[in-house]
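No gaps in the numbering here: position 130 of the sequence shown is 154 in the numbering used here, and each next residue is one more. Scroll down for the structure; my scribbles are underneath it.
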Amino acid sequence: MRTVDLSPLYRSFIGLDHLASLMDSAQRSSEKQSGFPPYNIEALDEDKYQITMAVAGFSEQELSLHSENNTLIVTGEKSNKETQQERKFIHQGIAERNFERKFQLGDHIKVLGAELENGLLVIDLEREVPEAMKPRKIEIGSAKLIENS
Numbered sequence: 025m026r027t028v029d030l031s032p033l034y035r036s037f038i039g040l041d042h043l044a045s046l047m048d049s050a051q052r053s054s055e056k057q058s059g060f061p062p063y064n065i066e067a068l069d070e071d072k073y074q075i076t077m078a079v080a081g082f083s084e085q086e087l088s089l090h091s092e093n094n095t096l097i098v099t100g101e102k103s104n105k106e107t108q109q110e111r112k113f114i115h116q117g118i119a120e121r122n123f124e125r126k127f128q129l130g131d132h133i134k135v136l137g138a139e140l141e142n143g144l145l146v147i148d149l150e151r152e153v154p155e156a157m158k159p160r161k162i163e164i165g166s167a168k169l170i171e172n173s
């Protein structure tokens, strides 16, 4: 796998170093993460998204979701390791291993909730842009900042 050096971005983009560090951390985290469990990311609407993860064999108690610093962390931890060691498989195609999957969230993306049904974990996300950040129309008029009396 090729490694891309993003250090020139830190020199070139004044005030956008946050963007460069996000790209750098995304590159590092994608190299560390395996492909398990498989997932889909879907845009349902302009500001609504959904992540669907295939977590066959995991119960709700064995899954946890945490959101901190624009990162969504989904963790699956199997609790019954003793009983799995006693089982003798002829073929084991369902991976029941522990995992941690991180998703980098954009600004103002909030996790609305999650549901587990038929081995699929569905996580609903929504972008909630604050009123102060939304574009607004400015009327042209004769208003002045300082009135001369």
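The beta carbon of each residue, even a glycine, is placed where N, CA and C say it ideally should be.
Other residues of its chain near residue i: CB distance less than 6 Å, five sequence neighbours each side excluded
i      : result
Glu66  : Gln74
Leu87  : Gly100
Thr76  : Asn64, Leu144, Val146
Lys72  : Glu150
Asn142 : none
Phe82  : Gly100
Ile162 : none
Assigned secondary structure, residue i (DSSP; H/G/I helix, E/B strand, else coil)
i      : result
Gln74  : strand
Ala67  : strand
Ala156 : helix
Ser128 : What sits at residue 128 in the sequence shown is Gln, not Ser. Correct three-state label for Gln128: strand.
Glu139 : strand
Glu150 : strand
Glu86  : helix
Glu101 : coil
Glu92  : strand
Rounded Cβ spacing between residue i and residue j (contact assumed at less than 8 Å)
i      : j      : result
Ile133 : Leu145 : Going by Cβ atoms, the distance from Ile133 to Leu145 rounds to 18 Å, so no, they are not a contact pair.
Pro62  : Ala80  : Not confirmed; about 10 Å, so no contact.
Leu140 : Glu84  : 5 Å
Residues near residue i in its chain [Cβ-Cβ closer than 7 Å; skip 5 each side]
i      : result
Ala119 : Phe60
Leu68  : Gln74
8 Å CB neighbourhood of residue i in its chain, flanking five on each side removed
i      : result
Asp131 : Asn94
Ala186 : Missing from the structure shown is residue 186; the chain here goes from 25 to 173 and no further.
Closer than 6 Å: residue i CB and nearest the ligand SAH heavy atom
i     : result
Phe82 : Ligands are entirely absent from the displayed structure, and the ligand SAH is therefore not among its contents.
Quiz item: Taking one C-beta from the stretch 86-98 and one from the stretch 153-167 each time, how about it: are there three or more such pairs within less than 8 Å?
Solution: no
Practice problem: Decide yes or no for the touch test of the stretch 114-128 against the stretch 96-103: beta carbon pairs closer than 8 Å, at least 3 of them. | Solution: yes
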